[in-house]
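K.L.:
Protein chains in written order, with my numbering: chain U, 25 to 317; chain D, 25 to 317. For each residue, glycine too, the CB sits at the ideal point set by N, CA and C. Below you'll find the structure I mean.
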């Protein structure tokens, strides 16, 4: 159990949901063929990133869970005997939607769900319009591939979230993501943003002594109202337990990363860097406040 | 007030306390001459890093605060009209010592003190023998150069500490440090450690949208019992508010970094990345627990 081969599926998406699902399945099969036992898809991998505009028609993209998409991906996981991390637009009720991760175990059953806790709202990322913030907390999902600390995109900027997953026994942190460049930014700004995105997540790996898997989409997507576009920056990556980059995809093309992780590093790295030993839990009062004055 | 010129003093130290203090003062004077208004010295800059062994004689290195060292550095700050961040071995009472930062304002008065909260204890860093963990919490120190979120070394691995300083209104994070390589580690391990040290602190800059200043000592120091030695790795640096490296010193030599910071970046970067807006303060319960199961 110390060796875990993982697959990261970085893809472009179109407006054709059925075609996206078929293409995802092909990539997952290919990763499984190469031995991956834990496979991760990007955020909202069944559709375009529809949050570029606020459009009530997009609520029709959401699905009940369980529903057709969980049937589809559950069967796939069972057939390939893999643990599969999917990211779906969940319709919980009329007028109540979440940005939800569903994890399937290798028998195809739903091992658990995570509802995105931190919801962004920025030009081109109007997620507060679509998604109610998650109400399931930061709880790792138990699977045959380990305790998975799965979160989603904007969560990745929050050290509190990574720490809570770590304290709850996560073996690894996993972030399906949809993040990209605004075409109006210059090259320096784009580089700073991409580097910050990787760096803050490597920081979680270091502070918690565990691997981090981050899987992003790639490709240019236009907003449905024709007013905006996002150049999704790819760069899906795996960080080791000391923050070292173990694998990293290109920015501008589909790519599947297959890499074997030594999960025993969670143990050995924390022998040398026993950060959990010394946390000042008597002095963290106020961290659950909005601001301290 | 948007422009703040800072000076980072990376130095080697000897067993001669008076010589160390004189050399520190010369470097501080030089940085002030180049326009630095906020100057930071490394951790425990009056002495060798005595924590390589557990030796009761070393308690004699500690001083009352205020005392001779605060008189010395306070006069220096007043003469140069600078804000000065110093790191002293504080004797609070017989048998009660702290690893303490004293910040002087430009009139030479003590603007505030911070007692190192997270205390390491690892081979070569036997700090739990010498220092009682701080009891002043994570409170920025108000100075004419801004609200300084000053912590010390091992604190730099804890995102909770950086966040608490941020929530309490810090304008900048500052870490006097004494960290180095164990000579038995190979080059790969040494590189991973150094890179992790820089990365986790850049992560704090990103997650909190503020600059980070980290000042380390340099040079090889032997333990007083002849049994160990640490190769202090220098690499003092300044990170920008998006985690970008603005300045970085060499590993193996004394160096003074002088750099002008644009403190208005705290404002503009947080317009684009409003992480503080979306914190799930309703869902961080348990972060002040030792472990969650």
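Ignoring anything shorter than 4 residues or poking outside the segment 137-208 of chain D, list the alpha helix (DSSP H) runs there in chain order.
P.N.:
Those alpha helix (DSSP H) runs which fall completely within the segment 137-208 of chain D and span 4+ residues are 151-154, 183-191.
K.L.:
Can you find the residues in the same chain that come closer than 7 angstroms, C-beta to C-beta, to residue 253(U), ignoring five residues on each side of it along the sequence?
P.N.:
Looking up residue 253(U) in the first chain gives position 229. Excluding positions up to five away in sequence, the list reads 207, 244, 245, 246, 247.
K.L.:
Would you say residue 223(U) faces chain D, with C-beta separation under 8 angstroms as the test?
P.N.:
Numbered from 1 along the first chain, position 199 holds the residue referred to as residue 223(U). At least one chain D Cβ lies under 8 angstroms of residue 223(U).
K.L.:
Are at least three pairs of beta-carbons, each pair with one atom in the segment 68-79 of chain D and one in the segment 99-106 of chain D, less than 8 angstroms apart?
P.N.:
No, because fewer than three Cβ pairs between the segment 68-79 of chain D and the segment 99-106 of chain D fall closer than 8 angstroms, the two stretches do not touch.
K.L.:
Hey, could you find the ends of the alpha helix (DSSP H) residue 96(D) is sitting in?
P.N.:
As a first step, residue 96(D) is located in the second chain; it is residue number 72 there, counting from the start. 92-104 is the span of the alpha helix (DSSP H), which, as asked, contains residue 96(D).
K.L.:
So if DSSP puts residue 301(U) in a beta bridge, which residue, or which two residues, is it bridged to?
P.N.:
Locating residue 301(U) in the first chain gives position 277, counting from the first residue. None, per the DSSP bridge assignment.
K.L.:
Contact between the segment 258-271 of chain U and the segment 233-240 of chain U: three or more CB pairs below 8 angstroms?
P.N.:
Touching, yes, given that three or more Cβ pairs across the two stretches are closer than 8 angstroms.
K.L.:
Measuring only the C-alpha atoms, how far is residue 81(D) from residue 128(D)?
P.N.:
Locating residue 81(D) in the second chain gives position 57, counting from the first residue. Locating residue 128(D) in the second chain gives position 104, counting from the first residue. The straight-line gap from Cα to Cα measures roughly 29 angstroms.
K.L.:
Given residue 121(U), which residues of its chain have a CB within under 7 angstroms of its CB, disregarding the five upstream and five downstream residues?
P.N.:
On the first chain, position 97 is the one that residue 121(U) refers to. Around residue 121(U): 83, 86, 113, 114, 115, 154, 155, 156.
K.L.:
Considering only the alpha carbon of each residue, which of 101(U), 267(U), 316(U) lies closest to residue 223(D)?
P.N.:
Stepping through the second chain from its first residue, residue 223(D) is reached at position 199. Minimum Cα distance to residue 223(D) is reached at 267(U).
K.L.:
Beta carbon of residue 49(D), beta carbon of residue 282(D): below 8 angstroms?
P.N.:
In the second chain, the residue the question calls residue 49(D) occupies position 25. In the second chain, the residue the question calls residue 282(D) occupies position 258. Contact flag unset, no.
K.L.:
Using beta carbons (cut-off 8 angstroms, strictly below), is residue 122(U) in contact with chain D?
P.N.:
Residue numbering aside, residue 122(U) sits at position 98 when the first chain is read from its first letter. No, its Cβ sits nowhere closer than 8 angstroms to a Cβ of chain D.
K.L.:
Based on Cα-Cα distance, which residue from 292(U), 47(U), 77(U) lies nearest to residue 38(U)?
P.N.:
Taking the first residue of the first chain as 1, we reach residue 38(U) at position 14. It is 47(U) whose Cα lies nearest to the Cα of residue 38(U).
K.L.:
With 8 angstroms as the threshold, decide whether the Cβ of residue 142(D) is near any Cβ in chain U.
P.N.:
Within the second chain, residue 142(D) is the residue found at index 118, counting from 1. It does; some Cβ of chain U falls within 8 angstroms.
K.L.:
Assuming residue 19(D) is part of the alpha helix (DSSP H), what are its boundary residues?
P.N.:
Absent from the model: residue 19(D). The displayed extent of chain D is 25 to 317, so no value can be given.
K.L.:
Closest Cβ-Cβ distance between residue 193(U) and chain D: below 8 angstroms?
P.N.:
In the first chain, counting from the first residue as 1, residue 193(U) sits at position 169. Yes, contact with chain D.
K.L.:
Please confirm if the segment 183-193 of chain D is in contact with the segment 207-218 of chain D, defined as three or more CB-CB distances below 8 angstroms between the two stretches.
P.N.:
The segment 183-193 of chain D, when compared against the segment 207-218 of chain D, does not touch it at the 8 angstroms Cβ threshold.
K.L.:
Determine the direct distance from the alpha carbon of residue 126(U) to that of residue 164(U), and round the result to whole angstroms.
P.N.:
Numbered from its first residue, the first chain carries residue 164(U) at position 140. Numbered from its first residue, the first chain carries residue 126(U) at position 102. Roughly 12 angstroms separates the two Cα atoms.
K.L.:
Less than 7 angstroms between C-beta atoms, sequence neighbours within five positions excluded: which residues of the same chain meet that for residue 93(U)?
P.N.:
Working through the first chain from its first residue, we reach residue 93(U) at position 69. Cβ neighbours of residue 93(U) beyond the five flanking positions: 70, 87, 112.
K.L.:
Residues in the segment 89-115 of chain U with C-beta within 7 angstroms of chain D's C-beta atoms, listed in sequence order?
P.N.:
Listed in sequence order: no entries.
K.L.:
How would you list, in chain order, the residues of chain D whose beta-carbon sits under 7 angstroms from the beta-carbon of residue 317(U)?
P.N.:
Working through the first chain from its first residue, we reach residue 317(U) at position 293. Chain D residues near residue 317(U): 192, 193.
K.L.:
How long is the line joining the alpha carbons of residue 250(D) and residue 303(U), rounded to whole angstroms?
P.N.:
Here residue 250(D) refers to the residue found at position 226 when the second chain is read from its first residue. Here residue 303(U) refers to the residue found at position 279 when the first chain is read from its first residue. Going from the Cα of residue 250(D) to the Cα of residue 303(U) covers about 32 angstroms.
K.L.:
For the candidate residues 218(D), 294(D), 162(D), whose alpha-carbon lies nearest to that of residue 275(D)?
P.N.:
On the second chain, position 251 is the one that residue 275(D) refers to. It is 218(D) whose Cα lies nearest to the Cα of residue 275(D).
K.L.:
Which residue or residues does DSSP assign as beta-bridge partners of residue 122(U)?
P.N.:
Residue mapping note: residue 122(U) aligns to position 98 of the first chain, counting from 1. DSSP lists 114(U) as partners of residue 122(U).
K.L.:
Check each residue of the segment 241-259 of chain U: if its Cβ is closer than 8 angstroms to any Cβ of chain D, include it; give the result in chain order.
P.N.:
Residues: none.
K.L.:
Can you name, in chain order, every residue of its own chain whose Cβ lies under 6 angstroms from the Cβ of residue 33(D), other than the five neighbours on each side?
P.N.:
On the second chain, position 9 is the one that residue 33(D) refers to. Hits under 6 angstroms: 51, 65, 280.
K.L.:
Enumerate in chain order the residues of its own chain whose CB-to-CB distance from residue 192(U) is below 7 angstroms, with the five nearest sequence positions on each side excluded.
P.N.:
Within the first chain, residue 192(U) is the residue found at index 168, counting from 1. Here the set comprises 162, 163, 164.
K.L.:
Comparing alpha-carbon positions, which option in 196(D), 226(D), 43(D) lies nearest residue 286(D)?
P.N.:
Counting from one through the second chain, the residue named residue 286(D) turns up at place 262. Among 196(D), 226(D), 43(D), the Cα nearest to that of residue 286(D) is on 196(D).
K.L.:
Quickly, what does DSSP pair residue 34(D) with across the bridge? List them, please.
P.N.:
Within the second chain, the letter at position 10 stands for residue 34(D). DSSP output for residue 34(D) lists 279(D) as bridge partner(s).
K.L.:
With burial defined as no fewer than 16 other Cβ atoms inside 10 Å of the residue's Cβ, what is the status of residue 309(D): buried or exposed?
P.N.:
In the second chain, the residue the question calls residue 309(D) occupies position 285. It counts as exposed.
K.L.:
Check whether chain D comes within 8 angstroms of residue 78(U), counting only Cβ atoms and requiring the distance to be less than that.
P.N.:
The residue given as residue 78(U) occupies position 54 in the first chain. Taking Cβ atoms only, chain D never reaches closer than 8 angstroms to residue 78(U), which makes this a no.
K.L.:
Hey, out of 79(D), 305(D), 124(D), 134(D), whose CA is closest to residue 101(D)'s CA?
P.N.:
Within the second chain, numbered from 1, the residue matching residue 101(D) stands at position 77. Per the Cα distances, 134(D).
K.L.:
Along chain U, which residues have their Cβ under 9 angstroms away from the Cβ of residue 314(D)?
P.N.:
Working through the second chain from its first residue, we reach residue 314(D) at position 290. Here the neighbours are 191, 300, 303, 305.
K.L.:
In the DSSP output, what is residue 67(D) paired with across the bridge?
P.N.:
If you number the second chain from 1, residue 67(D) lands on position 43. Answer is none; residue 67(D) lacks a bridge partner.
K.L.:
Residues in the same chain with beta-carbon distance under 7 angstroms from residue 174(U), minus the five sequence neighbours each way, listed in chain order, please.
P.N.:
Residue numbering aside, residue 174(U) sits at position 150 when the first chain is read from its first letter. Hits under 7 angstroms: 109, 125, 127, 138, 165, 198.
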